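Protein chains: 2
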Amino acid sequence: MEWEAIQKRLNDLLEKGRHGELRGAMMMLNEVDIAQYMEGLDKEKLLLVFRILPKDISADVFSYMSDEQKQTLIESIGDQEIRALIDDMFLDDAVDFLEEMPSSVVRRVLQTTDTEKRNLINQFLRYPDNSAGSLMTIEYLEFFSDVTVRGAMDIIRREGLDKETIYTLYIVDSTHHLIGTLALRRMILASEDTVLSDIMDRNPVFVHTLDDQEKVAEVVRHYDLMAIPVVDKEDRLVGIITADDIMDVIEEETTEDFEKMAALTPSDDEYLKTSPFKLALNRIPWLLVMAIIAIFTGLIITQYEDVLQATGSVGIILTSCIPMLMDTGGNCGAQSSTLIIRGLSLGQITLKDFFKALWKEFRVAVIVGAVLFVFTLFRVKFINPLFMEDGSGITWAVAFVVAAALFGTIMLAKALGCAMPMLAKRLKLDPALMASPMITTVVDMSSLFIYFSIAKAVLKI
Amino acid sequence: MEWEAIQKRLNDLLEKGRHGELRGAMMMLNEVDIAQYMEGLDKEKLLLVFRILPKDISADVFSYMSDEQKQTLIESIGDQEIRALIDDMFLDDAVDFLEEMPSSVVRRVLQTTDTEKRNLINQFLRYPDNSAGSLMTIEYLEFFSDVTVRGAMDIIRREGLDKETIYTLYIVDSTHHLIGTLALRRMILASEDTVLSDIMDRNPVFVHTLDDQEKVAEVVRHYDLMAIPVVDKEDRLVGIITADDIMDVIEEETTEDFEKMAALTPSDDEYLKTSPFKLALNRIPWLLVMAIIAIFTGLIITQYEDVLQATGSVGIILTSCIPMLMDTGGNCGAQSSTLIIRGLSLGQITLKDFFKALWKEFRVAVIVGAVLFVFTLFRVKFINPLFMEDGSGITWAVAFVVAAALFGTIMLAKALGCAMPMLAKRLKLDPALMASPMITTVVDMSSLFIYFSIAKAVLKI
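Printed below as a string of structure tokens:
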């Protein structure tokens, strides 16, 4: 059935007050879809549908709801309901949820949960934002290494229900140090009397609680893991992070890169749900910074007034090529910086490759520059005069000035596009800040300077 | 131990010909790390190390090697070795590998493998690039619905070793139609006599063989799946795709978006491994297209020659503000288009939201435009004269012309930045093509037109 038909049917049952049937219909759906359906409901209906939901999936559905709807719901339901909800949620989902709520909601939720859960949540809320600790869950299965496969299976059957994953077993010593991991599949294929220490992987990949989520994502992606254990400063196992949470991290980090590369202040909010005022606020700072830098670009033009006012239509031709020069410079810089920034963030390029990359960009710039040099030389000489009343001023020398300035601009743009992101990384800044807008602004200034210098030298203005 | 220390130790053992110890040392490492170590070896050493590798992991290590090293290796080893290697690889890894190889290598590999495997590989190679069919693997476990938990566990123990995942069981009817899925964890927690049909999920999420990988990634991400079943036109189960392969797809698609947004022809090759000539080839087409469009921008300047040659330093002031106007327009367009493109690709914005998004951008543009209007008005009136010999020509009217043109440019840039990616999507083009470079080029032309029209009207030139 199509999604719209499903929505229509659910709405229909809701309108007519046929709650039993509605509950039945929702039982047929995936939790993600139910959450999506509830997204469109107003406060009253939201509360009604939430109470109609089968109890065993309501915490799951809640995890998938948007922050706005979560908040609306929490503010409408009673303490008992909140307590039941938080109890049924996985700890990492509960923590994620509370991190996004205003403090009044957090306080109310923490007041209603029992002491043990509250202490755990508080402990998790203390991990720095975007650290492995803030992402991890404590719902994993931990075993001693002398347990047999049979014994382990019994433990899984007894305790596995509440665990986020049972597909990797974590093996610790008596002081909770992680000494190995074991894939469930490997265990199932082993004989029942085997001891876990005989089949476990003794070199498990792990991260520390304070590691940045970007690093965690990199490790998980590098080793194709489904879950990764997290250890504290003393190398004791304190949690795991599962691959689905890592996918969310990768998505978030990538969006942040896109935003920074477009001169936006990064924001976690969905576009359509953000107010115009907030959106504007995310955009103004960098625009102002770049508008201030552009003042200097303007000054260069003022300084070379004589070149642009040159007689016999030469001045106007030179002026009319400024946009092309600036755009090509900006685009060339964007091409280089994008490849370098992406390469750095995927770990395919490291700071050690600085000169290798620069040398590569140099050769690319020579090829690209040569092609555009030839194109520009002929287009200025032969196409521009077609659109002018008196094109006699456009000599080969004028065409050469434009083409040569373009070549110089391309060389410079490629060099800066390559060097600036890597220098930013060296200075522990995010390379993504050195993307197209920033590089365009810097290249503009230098390209105009190159342009006017060549014009003065060649045309003797 | 640090990665560099590990590499040094392995190199040491290799140099000294201590092959037994080298094999032992490699047994302690993850397959991904071994592949990374082999990356740095020349042809002879590569072959030697590959032959030293424990046989049971050599196919895995091979899967993680770079395409260049794979090709080098295949060209060095004998038919027997190729056959053993391909036999040990998961089908999807083998197909991925062959897709990247030159046809001579593909022919040689197919000649050496047995008929059954060859037929399967050939069938997979026929799925369109980037389709679900080309991504899927056939190493999954399939069950009939009347099997008991005990029976299923026996099958898993007997056949699970060669399967890519045993954590989801796929349940089919007698004609191989997918009728349900069952998480292994759910089965383990059920009693041994339960029949699978009683506990299976009867509404499994699935994709079709011809679905695009982007769609597959979206579904997997949306439902937080670890693996997704793939069915053919007749809804028969033919394969599964696992989450680790999906992560690679997401990475690939994101890189493609980054590249398109920077006016690059997308390429699968790693930056440092691509020749300057190939890199240049990926960059030149869009640069030429945009250089051609920029001719028209230049024409607008030629047409308004009189404005720029206006007396009393007004002309030169107006000229000197062109870069600022163009840059700000480009940057504003980039901000809007980036948010829209990213929103479209994450499914947070759909074509139905066209007017909603446009109205939002309109309001954002008014706020951003107003702030930059005020900034520009004062900076042209008070800052620019400081750098000029005779600043008397800069009246409030001149400052107003620049600021008003900037406001108009911002309005236009935001509107185009929002509309163009969505129109591209409507026309079944990739929205990422309508990013900063394209929008900058279009906005430039219109912003100069606005600029000169306002100047003519206000300053009566």
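For the protein sequence lines, the chains are A and B, in the order given. FYI, in the working numbering the residues of the first sequence are 53 to 513. FYI, in the working numbering the residues of the second sequence are 53 to 513. Ideal Cβ placement from N, Cα and C applies to all residues, glycine included. Remember, predicted model here, so these are calculated numbers, not experimental data.
Just to confirm, are residue i and residue j a CB contact at a threshold of 9 Å?
| i | j | result |
| --- | --- | --- |
| L213 (chain B) | L236 (chain A) | no |
| V495 (chain A) | G385 (chain A) | yes |
| V301 (chain A) | M188 (chain A) | no |
| T227 (chain A) | P256 (chain A) | no |
| V161 (chain B) | I138 (chain B) | yes |
| P483 (chain A) | L410 (chain A) | no |
| L221 (chain A) | L262 (chain A) | no |
| L511 (chain B) | V450 (chain B) | yes |
| M376 (chain B) | A346 (chain A) | yes |
| I223 (chain A) | S197 (chain A) | yes |
| S183 (chain A) | D145 (chain A) | no |
| I435 (chain B) | V366 (chain B) | no |
| G421 (chain A) | L458 (chain A) | yes |
| L65 (chain A) | K97 (chain A) | no |
With a cut-off of 9 Å, does the C-beta of residue i fall near any C-beta of chain B?
| i | result |
| --- | --- |
| G203 (chain A) | no |
| S389 (chain A) | yes |
| F329 (chain A) | yes |
| G382 (chain A) | yes |
| G291 (chain A) | no |
| V259 (chain A) | no |
| K433 (chain A) | no |
| D379 (chain A) | yes |
| L485 (chain A) | no |
| F430 (chain A) | no |
| K95 (chain A) | no |
| D320 (chain A) | no |
| D405 (chain A) | yes |
Against chain A, with Cβ distances strictly below 9 Å, would residue i count as a contact?
| i | result |
| --- | --- |
| S488 (chain B) | yes |
| M188 (chain B) | no |
| Y192 (chain B) | no |
| V423 (chain B) | yes |
| V84 (chain B) | yes |
| R478 (chain B) | no |
| L316 (chain B) | yes |
| M80 (chain B) | yes |
| H229 (chain B) | no |
| R273 (chain B) | yes |
| T245 (chain B) | Per the sequence shown, the amino acid found at residue 245 (chain B) is Asp instead of Thr. Taking Cβ atoms only, chain A never reaches closer than 9 Å to D245 (chain B), which makes this a no. |
| M141 (chain B) | no |
| A346 (chain B) | yes |
| S372 (chain B) | yes |
| D482 (chain B) | no |
| M90 (chain B) | no |
Helix, strand or coil for residue i per DSSP?
| i | result |
| --- | --- |
| R254 (chain B) | coil |
| T124 (chain B) | helix |
| A487 (chain B) | coil |
| A515 (chain A) | The structure shown does not extend to residue 515 (chain A), since chain A is modelled only from 53 through 513, so no value can be given for it. |
| A289 (chain A) | Note that residue 289 (chain A) is Leu in the sequence shown here, rather than Ala. Residue state, collapsed to three classes: strand. |
| S498 (chain B) | helix |
| S372 (chain A) | helix |
| T165 (chain A) | coil |
| T307 (chain A) | helix |
| S183 (chain A) | strand |
| T294 (chain B) | strand |
| L143 (chain B) | helix |
| S389 (chain B) | helix |
| R415 (chain A) | helix |
Contiguous beta strand (DSSP E) assignments of at least 3 residues, all confined to the region 186-269 of chain A
194-196, 220-224 and 230-235
For the 8 Å Cβ check, are there 3 or more pairs between the region 285-294 of chain A and the region 284-296 of chain B?
no
Okay, do the region 77-88 of chain B and the region 265-281 of chain A touch, 3+ Cβ pairs below 8 Å being the bar?
yes
For the region 369-389 of chain A and the region 307-321 of chain B, state whether three or more C-beta atom pairs, one from each stretch, are separated by less than 8 Å.
yes
Please determine if the region 469-482 of chain B and the region 405-423 of chain B are in contact, where contact requires at least 3 C-beta pairs separated by less than 8 Å.
yes
Fully enclosed by the region 317-348 of chain B, which beta strand (DSSP E) runs are 3 residues long or longer?
none
Threshold first: 4 residues or longer. Then list the alpha helix (DSSP H) segments lying entirely within the region 65-133 of chain A, N to C.
71-79, 83-91, 95-104, 107-116 and 119-128
For the 8 Å Cβ check, are there 3 or more pairs between the region 424-431 of chain A and the region 352-366 of chain B?
no
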